[in-house]
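Data first, discussion second: the structure below is written as structure tokens.
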Amino acid sequence: MALRQACCRGRPGRHLAGTGPVSDAPARPRRRASDAALTDWFAARGWRPAPFQREAWRRYLAGESGLLVTPTGSGKTLAALGGPLLQALALDDAPAKARRGVAAAPRLRLLWITPLRALAADTVRSMQEPIAALGVPWTVAMRTGDASARDKRLARKGLSDVLVTTPESFALMLSYPDAAQLLAGVRGVVVDEWHELLGNKRGVLLQLCLARLRGIVPAAPVWGLSATLGNLEEARDVLLPHRPDAPILQFARRRRMTLQTLLPNEGERFPWAGHLGLSQLARVAAVLQKARSSLLFTNTRSQAELWHRALQSVWLDDPKTLALHHGSLDASLRAAAEAGLRDGTVRCVVATSSLDLGVDFPAVDQVLQVGSPKGMARLWQRGGRARHRPGEAGKVICVPTHALELAEYAAARVALAHGRVESRPPLRLSLDVLAQHCVTLALGGGFEPAQLLEEVRGTHAFATLREEAWTAVLDFIVRGGGALENYPDYRRVIRDDDGCYRVHDRRVAFRHRLSIGTITSDGSVQVRYMKGGWLGSVEEAFISRLRPRERFQFAGKTLELVQLRDMTAFVRIAKAGEGRVPRWQGGRMPLSSELGAEVEAILHEPAESPEMRALQPLLDLQSRLSQLPGPDSLLVESIKTRQGWHLFVYPFAGRGVHEGLAALLALRWGREVPNTFSWAVNDYGLVLTAQSEAWPDAPLMQRLLTPEGLLDDLLASLNIAELARRQFREIARVAGLLPPSLPGRAARSLRQLQASSSLLFDVLRQHDPGHVLLAQAEREVMEAQLDVQHLKAVLTRCGERPLALRRPRSLTPLGFPLWAEAIRGQLSTEDWRTRVKRAAQQLEQRHARNA
DNA sequence: GACCTGCTGCGGGATG
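Under my numbering, residue 1142 is the last one in the first sequence; the count climbs by one each step, no gaps.
Right, here's the structure in full:
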């Protein structure tokens, strides 16, 4: 992004890339770039690279690969590598030599991969100036889905010297027969924001593509740029499996970050449960008034809509200075919000993670985080958006939505001080991605299976790929597997007489290129004005419950539904009133284990902090009624209420794990004593509610918490088949079993998609139960969704710790949010609110009496 | 007087 910061202090060149004659370029030292030559070149332009940059660049010149760790939220980071790399390439005469041959000869020298289209555009922009300064007639093209026709053409024909692209577009390049030829001149690869790809299937796709590239240009250095991670060495190994000792270079020191919490006033009642935090509206509005520009981060899209609406009602400035940004808003609206921040016409943007990522806009004066940040990486990232003076620590202002979040912030402060960040575990053996990649290569000129297997095993993701799985994948792309072979649609690849696998059918080729990539999101309804103009998308389940003329709140506006047609909701601005706010089904964002452990520790031994001081009365109540949780024991509370007999357990392991744990405990307890259990979880713990009398004792708890038989019991307690059915839809999409929606045609509804994927699932289960993708779906449920490894570790730890079994006379502060969560499913929202409110008041009264 | 959970990211091509 900010390439120019590092490499453009020199005299601007006379020629823009690609426009000037070669002979006019400033004299270049010599044909082969050397360290000394570069030093001279930089010195002549008054540019002094930082030591780590010099090191990165020296290593690059030596043909090495590596990982460059750069602080989050700093635009300068790209300069770290991009500058030296461009210089080195420019000093090397080879590109000019290549051009002296046939005019159409591929010139591609540098491949730059970023996970975001917007980042690609920024990168291209920032490269223009340094390249002009170098005085080389280079073309930089962007190859992404939204690139211009010119750029696409340049990329397609290999006529650009530098190509900035996404993993998906890179894969697409490989689907053309001339890919090897186009990439043959590549002399360097940069993978930007590698941490964003490391832990997901996009990263797996990129690993495969890079392995292919290594097959074409084995010597080309590959450099990753990554934010700090808990598993940097692993990140390096995944990117560079062929260079186990590649260097990890650290960008100077990370910026310090501090945290401030908007605390409740003395004596103020503060919610014990809830996630919205609107009770803090006045305080937040006051904080926003004080700064010129702010970002207010929320955790969910509907929360962002609600906060935007609430702020609007108290906003003193021009309403236009308050903007909204989340992933379901149309790109144009998001771009408008970003532009507003850039030109100063917007003072505050309410945003979700859509603004976490690296889009280039100037830092804002302050960053606020509503509710739990859930993990340290997110907090670093969001905090990095704030403007800092050099040497000054960054700051995040935290807005608690319920009392216990105060502890979370106090814990986060400790973790920030220690510079802790989560790991991103890389995926392994995603056979759906492998199947897609194989079809891509079959399309891109074909592949020889033994050779490809070796190449694929050269990646981190498939290093342990077994022969059977490989054969199954090949079988799958050739005939869809046993049950599907009668359907021509699934016979995509043909094994030719020479033993090579190729695609011959043009329709298959077309459909495959349309469905390249691993991001699946289907079944959303586009929202647009009657007069034209797109607003974004909402979920079918939400909009289909609205009647025409009914109002709803979306994109920061009150809209009126006119009609719903072809997966498009036509709307107009409503005259008055407020409407319902859409909800989206998204990721679950559990509290990270790092932060969870920190919370547990701080509750046990409250460090001196404003948050813990504010929380003290609540902690006192917790100790009085029961006891404080802590790392040295496992707190278990059992209580009888009108709803039944509750068992509260607090492992502080995050929602995902608690979900599995709750199901497990319910099953095991039910086995011992016939009873009916329901359960609810949050990030701190879980509650089981029994219909008949049930009091746990220590031996029972030990039996419930044994790691023995975990897998079998999990399989029995959760409807794994049903979970796998849902997981299968994504896998089937990635593997190419579901037809992509064609551009220009109405999107298929979620119901249709579910029907076709569900049907496939059933057919396969019945006729081909060993199908490679079914196994994949089950594995993903166990690993990704239930996080069995983590669950097992948590269970083991629970079993090892001495049990603190308490029977408090009323709900405790820790138990209350879980209890509220448990009865939420049973009651209407209105009843639930009343009930929770009454209960909270009773508890407080009792608390006041006893105090 | 309230105490509404569920993020993000990508992607076509032949023809005029």
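C-beta: ideal position from N, C-alpha, C; glycine also.
Cα-Cα separation, residue i to residue j
i, j, result
"ALA989", "GLN1067", "39 Å"
"GLN657", "ARG786", "59 Å"
"VAL508", "PRO532", "15 Å"
"GLY830", "LEU377", "Residue identity differs from the one stated: residue 830 is Glu in this sequence, not Gly. One C-alpha to the other measures close to 45 Å."
"ASP315", "LEU425", "Residue placement at ASP315 cannot be trusted, given a pLDDT of 35 that sits under 50; what the coordinates show is reported in the next sentence. ASP315 and LEU425: Cα-Cα distance of roughly 11 Å."
"GLU1071", "GLY945", "18 Å"
"LYS665", "ALA706", "12 Å"
"LEU919", "LEU894", "7 Å"
"LEU1082", "PRO965", "25 Å"
"GLY565", "GLU559", "16 Å"
"ALA677", "TRP875", "28 Å"
"ARG669", "ALA502", "30 Å"
"ALA381", "SER644", "37 Å"
"GLY357", "GLU1074", "30 Å"
"GLU1135", "ALA1113", "20 Å"
"TYR820", "PHE1019", "35 Å"
"GLY1090", "GLN993", "6 Å"
"ILE404", "ARG633", "25 Å"
"LEU1014", "LEU1005", "12 Å"
"TRP986", "LEU926", "15 Å"
"GLY476", "GLN580", "55 Å"
"GLN1133", "ARG1126", "11 Å"
"PRO873", "THR457", "31 Å"
Extent of the continuous alpha helix (DSSP H) run through residue i
i, result
"VAL1079", "1079–1091"
"LEU461", "First, the residue type needs correcting, since residue 461 is Phe and not Leu in the sequence shown. Taken as a continuous stretch (DSSP letters only), the alpha helix (DSSP H) holding PHE461 covers 458–465."
"ARG447", "440–448"
"GLU758", "758–770"
"LEU410", "408–425"
"ALA510", "Counting along the chain, ALA510 falls outside any alpha helix (DSSP H), and DSSP gives it neither H nor E."
"ARG434", "First-last for ARG434: 431–434, but that is the beta strand (DSSP E), not the alpha helix (DSSP H)."
"THR731", "722–734"
As assigned by DSSP and simplified to three states, the class of residue i
i, result
"LYS492", "helix"
"LYS581", "helix"
"SER924", "strand"
"VAL455", "strand"
"LEU558", "The sequence as given places Gly at residue 558; Leu does not occur at that position. DSSP places GLY558 in coil when its eight states are reduced to three."
"ARG1129", "helix"
"ARG856", "strand"
"GLY951", "helix"
"THR932", "strand"
"GLY773", "helix"
"VAL964", "coil"
"SER314", "Interpretation of SER314 is limited by its pLDDT of 32, a score under 50 that renders its predicted location unreliable; no figure is taken from the coordinates."
"LEU567", "coil"
"PHE343", "helix"
"ARG349", "helix"
Bridge partners - residue i, DSSP secondary structure assignment
i, result
"GLU851", "ARG842 and ARG863"
"LYS686", "THR549"
"ILE404", "THR456 and VAL482"
"LEU670", "Answer is none; LEU670 lacks a bridge partner."
"ALA677", "VAL655"
"LEU586", "VAL640 and VAL658"
Unbroken beta strand (DSSP E) run spanning residue i, endpoints
i, result
"SER517", "513–517"
"GLY935", "935–940"
"PHE968", "968–972"
"ARG1097", "1094–1097"
"VAL978", "977–981"
"GLN918", "Here GLN918 belongs to no beta strand (DSSP E), and DSSP marks it neither H nor E."
"THR552", "548–552"
"GLY476", "Careful: GLY476 lies outside any beta strand (DSSP E) and carries neither H nor E."
"GLN541", "539–541"
"LEU358", "357–360"
"ARG1115", "Careful: ARG1115 lies outside any beta strand (DSSP E), inside the alpha helix (DSSP H) at 1106–1115."
Item to check | Any beta strand (DSSP E) of 3 or more consecutive residues that is wholly inside the region 865–904 | outcome: none
Item to check | Secondary structure, beta strand (DSSP E): runs of 3+ residues fully inside the region 784–836 | outcome: 815–820 and 825–830
Item to check | Sequence ranges, alpha helix (DSSP H) only - wholly within the region 990–1076, length at least 4 | outcome: 1001–1008, 1011–1026, 1041–1058 and 1063–1071
Item to check | Length-filtered (3 minimum) beta strand (DSSP E) runs lying within the region 588–660 | outcome: 613–616 and 639–642
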